[in-house]
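Novice: According to UniProt numbering, the sequence shown is numbered sequentially starting from 1.
Just passing along the structure, written as structure tokens.
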Amino acid sequence: MLNKAGSVAVKAPSGRVGLKKQARRMRAKGLFGRIWQYRLSYLFIAPFMLCFIAFILIPVIAAIGLSFTYFNAIEAPRFIGWQNFQYLLSQDLLFLKHALPNTFVFALIVGPGGYAAAFLLAWLITQLPEKSRRWYALAMYTPSLTAGIAMSIVWLPMLSGDRIGYLNSLLLQLGLIEVPKLWVTDKDYLMNSMIVVTLWSSMGVGFLAMLAGLLGVNKELYEAGKLDGICSRLQEIWHITIPSMKPQMLFGAVMAIVATFKAGAIGVELSGVNPTPEYAGHLIINHIEDYGFIRFEMGYAAAISVFLLILMYASNKLSWSLFGSKEGE
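Here is the structure:
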């Protein structure tokens, strides 16, 4: 159709549908315009995004997809729906009787315990003179760096089940025990040994983040708190220190959760056998390795991994609700 000027008239979109299309088109045009405007910034984050997609996003999506299949690493994956999850939560007795309860016990003690210990030690270090503070911080952080070496040099000789073991020798000399205890091969002691060793090595990145947060608290807040009636160190920690370092507390909580749930080799390293004696130290990670790398049931191992991922996500949501910044803060 020609208009009065002799050109072809473009029919304008009419009605609510046409307005929505036009608004959507304008938003897309504005989005691409902003991306092009900040193209240099996207170029800088491109290496991280490529690594994130290649090593995190794609494996997670692949694991979720494989969790709905039967895959033995030889034949092509075969779709079986929810059967892996149904078997995991209703018929896998090894998972229900050992892996899941052991993981919860281990996580509930090591996670909050290591988190509280990291905060307490970081707070104690901040009370020291500045010159000696760095050396104590290094001493606390070293166990997380030397866990593998310390395991063979310190913990295995200490927890040895004969009379020569350091712990047994000490307790026998003190008369507290009459016969040597099998600290890492007896099912009654293995979990306790795992918890102690893991707590000892838990002063990692989360500890450093808390130390940085404590050192970054504004000193004027403490002076203002004294004017408002705060008269003890405990009140300072509760009303000033913790609210001032919520981001570091959140980071430490997330790191503690991840480190606790991904721990699995500690029981095998201490006991020297896989699986651990009577599955006393069998965690969800051990269950994944059992089905994935020993039985080669990759689809079922992927389903266990997805279940563990959901557990970690729920724990992280709990951490965000406790330490995350709310609107207006």
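Just so it is clear, CB atoms sit at the ideal spot from N, CA and C, and this is done for glycine as well.
As the structure is a prediction and not an experimental result, all values here were calculated from the model.
1) Measure the C-alpha to C-alpha separation of Leu221 and Thr126 and round it to an integer number of angstroms.
2) Using C-beta distances below 7 angstroms, list every residue in its chain close to Gly252, excluding the 5 sequence neighbours before and after it, in chain order.
3) Where do the N-terminal and C-terminal ends of the alpha helix (DSSP H) with Glu178 fall, by residue?
4) Let me know the beta strand (DSSP E) ranges lying completely inside the stretch 45-90, each 3 residues or longer, listed in chain order.
5) Less than 6 angstroms between C-beta atoms, sequence neighbours within five positions excluded: which residues of the same chain meet that for Ser7?
6) With C-beta atoms as the reference, is Ile237 less than 8 angstroms away from Ser319?
7) Report back the beta-carbon spacing between Leu89 and Leu159 to the nearest angstrom; my notes put them in contact at under 8 angstroms.
8) Go through its chain and collect everything with a Cβ distance to Leu121's Cβ below 6 angstroms, but skip five positions before and after it.
9) Go to Leu145, then tell me how far its alpha helix (DSSP H) extends in each direction, as first and last residue.
10) Between which residues of its own chain and Leu65 is the CB-CB distance below 6 angstroms, once the five residues before and five after are set aside?
11) Who are the Cβ neighbours of Tyr136 in its own chain at under 7 angstroms, not counting the five residues just before and after it?
12) Going along the chain, which residues of its own chain have a beta-carbon closer than 6 angstroms to the beta-carbon of Ile177, five neighbours each way excluded?
13) In the DSSP assignment, find the unbroken alpha helix (DSSP H) run with Tyr313 in it and report its ends.
14) With a cut-off of 8 angstroms, do at least 3 Cβ pairs link the stretch 278-290 to the stretch 223-233?
15) So the candidates are Leu214, Gly292, Ile61; which of them puts its Cα closest to the Cα of Ser244?
16) For Ser201, count the other beta carbons within 10 Å of its own beta carbon; 16 or more makes it buried, fewer makes it exposed. Which is it?
Specialist: Taking the coordinates as given:
1) Leu221 and Thr126: Cα-Cα distance of roughly 16 angstroms.
2) Tyr115, Ala118, Gly206, Ala209, Met210
3) Here Glu178 belongs to no alpha helix (DSSP H), and DSSP marks it neither H nor E.
4) none
5) Only weak support is given to the placement of Ser7: the predicted model assigns it a pLDDT of 47, under 50, and the question is left unresolved by the model.
6) no
7) With 8 angstroms as the limit, Leu89 and Leu159 do not qualify as a contact, their Cβ atoms being about 35 angstroms apart.
8) Met140
9) 130-145
10) Sequence inspection shows Gly at residue 65; the Leu mentioned does not correspond to that position. Excluding sequence neighbours, Gly65 sits near nothing in its chain.
11) Ile125, Leu128
12) Leu171
13) 298-323
14) no
15) Leu214
16) buried
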